[in-house]
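Notes for the one structure printed next.
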Amino acid sequence: MTHAEARAVRGFQERFGELPRLRARAPGRVNLIGEHTDYNDGFVLPIAINRAIWVAARPRRDRRVHLIAADFGEEAAFSLDELQPGGLRGWAAYPAGVAWALEQAGLRLPGMDAVVAGDVPIGSGLSSSAALEVAFATAWAALGGHEVPRLELARLCQRAENEFVGVRCGIMDQMAALFGRRGHALLIDCRSLETRPIPIPEEMVVLVADSGVRRELAASEYNVRRAQCEEAVRRLQGRYPGIRALRDVSRTQLEAARGELPDRIYRRARHVVTENERVLHAVAALARGDLSAFGEQLNASHESLRSDYEVSAPELDTLVEAARSVPGVYGARLTGAGFGGSILAVAQREAVQAASAAIAHYYETRFGRRPALFVVEPDEGATVHFE
Ligand code: GLA
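According to this note's numbering, the sequence shown is numbered sequentially starting from 34.
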């Protein structure tokens, strides 16, 4: 058992006086490349990681829900009959939203007693919220006796976050938490929702550095970016009536229409259009084991996020620069929505120690504190175990 799993199970026994009926686990993710492309029907390449949220649970005869967050000693209680989008705040909005979305889809659920614990850092761009959603969706579907296909669970969790919590996220994080494969990254076509596991070469290590920066603005800025992409599509449709999303726009088409777009909208669209190309180049590079070419795509992704999409932060730029200065590091970029959170660096196994030391030193010199640094392994998607 991992520490987080043990905390969930022990917490459950202490609180409810018996073993949980089940344990559900859902991993966080690191997106290797393909940022802010998912809600544009584009391509993404995340890995599910060996850090997860665990839910230890038992069903109840009534429709009450009693939740305990073991890691921060908080409790939440609500009834499944009183769920209203926007009606709950904080971490409990995620499990409540998931229950709401499942029931909206016609799946009747039992009440639940549960303890949740995890080792996915919160607010660090590693999708602790999607992991929380998927862990509860998996637990609830199992307790309700429903066999829900994984793709449907991913959609319902996204719906919970979009409509109940109020963040208009894409579907990448939920897909990664459900479809992750040990030793593989996942190429997801966010239009067809087809997934293709891409083997990660043995010598490649993914190092994460968490800036510790948490931006309250992130959710509202995220929604602004989405609206700007929609505006780009509306304007481009004047010239290209056949397009439905930025996914359908080529770089040549975008350049030809440049004069019709406000500069900011043009740059947002340019990020998305070029990022989709970079994902496909990156996958091809991985497939032929060319980690230098793979790293170049990561570097270019960060530059585009920084200058065209404007979702980086000085802390993230510093981490990325420090990582890149170390021999044996192939590339580095911010991962997740941006504004704060983490970067990832792709490195040779032998270079990881030097890279960690350089990143810590450089960051501390500039910002007066140490970043959290850890290596992640590509892991399996959500699982559930009955006792
Ligand atoms: C967040 C969202 C995802 C995706 C990324 C940016 O993680 O939840 O859907 O849009 O940001 O790539």
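Just so it is clear, CB atoms sit at the ideal spot from N, CA and C, and this is done for glycine as well.
Predicted, not measured: the structure shown is a model, and the values here were computed from it.
A distance below 8 Å between beta-carbons, with the five flanking residues on each side excluded, links Glu310 to the following residues of its chain, in chain order: Arg284. Residue state for Leu367 is assigned as strand, using DSSP reduced to three classes. If only complete runs of 4 or more residues are kept, the region 171-229 shows the alpha helix (DSSP H) at 183-192 and 205-212, in order along the chain.
When secondary structure is reduced to three states using DSSP, Gly361 falls in the coil class, being assigned neither helix nor strand. Taking each of Ala326, Gly199 and Gly119 in turn and checking the Cα distance to Tyr255, the smallest one comes out for Gly199. The beta carbons of Ala126 and Ala109 sit no closer together than 7 Å. Note that the C-beta distance between Ala356 and Ala370 is not below 7 Å. Take the alpha-carbon of Ala39 and the one of Ala163: they are about 21 Å apart. DSSP places Glu264 inside the alpha helix (DSSP H), whose first and last residues are Ala251 to Gln270. Taking the Cα positions, Leu165 is about 16 Å away from Ala175.
With at least 16 other beta carbons inside 10 angstroms of its own, Glu308 counts as buried. For Ala126, the three-state secondary structure derived from DSSP is helix. Pairing Ala209 with Arg267, the inter-Cα distance amounts to about 30 Å.
Cβ contact annotation for Asp206 (same chain, cutoff 7 Å, sequence separation greater than five): Arg62, Ser160 and Ala163, in chain order.
Within the region 51-121, the complete beta strand (DSSP E) segments at least 3 residues long are 55-66, 76-93, 97-102 and 107-112, listed from N- to C-terminus. If you look at Ala380, you'll find it in the beta strand (DSSP E) that goes Ser375 to Gln381.
Checking the 6 Å criterion, the Cβ of Met208 is out of range of every heavy atom belonging to the ligand GLA.
Per DSSP, the beta bridge partners of Thr416 are Arg58. Beta bridge pairing from DSSP links Ala242 with Ile376 and Leu406. In this structure, the straight-line span from the alpha carbon of Ile101 to that of Ala59 is close to 17 Å. Ranking Glu397, Ala168 and Arg48 by CA distance to the CA of Phe212 puts Ala168 first.
Annotated as distal: Arg122 and Ser112, with beta-carbon spacing of 7 Å or more.
Three or more Cβ pairs closer than 8 Å define a contact, and the region 145-159 meets that threshold against the region 78-92. In the DSSP assignment, Ala315 is bridged to no other residue. For the 7 Å CB-CB criterion, Pro118 and Glu196 form a contact. Ser225 counts as exposed, since fewer than 16 other C-beta atoms from the protein chains shown sit within 10 angstroms of its C-beta.
Pairing Val305 with Arg280, the inter-Cα distance amounts to about 8 Å.
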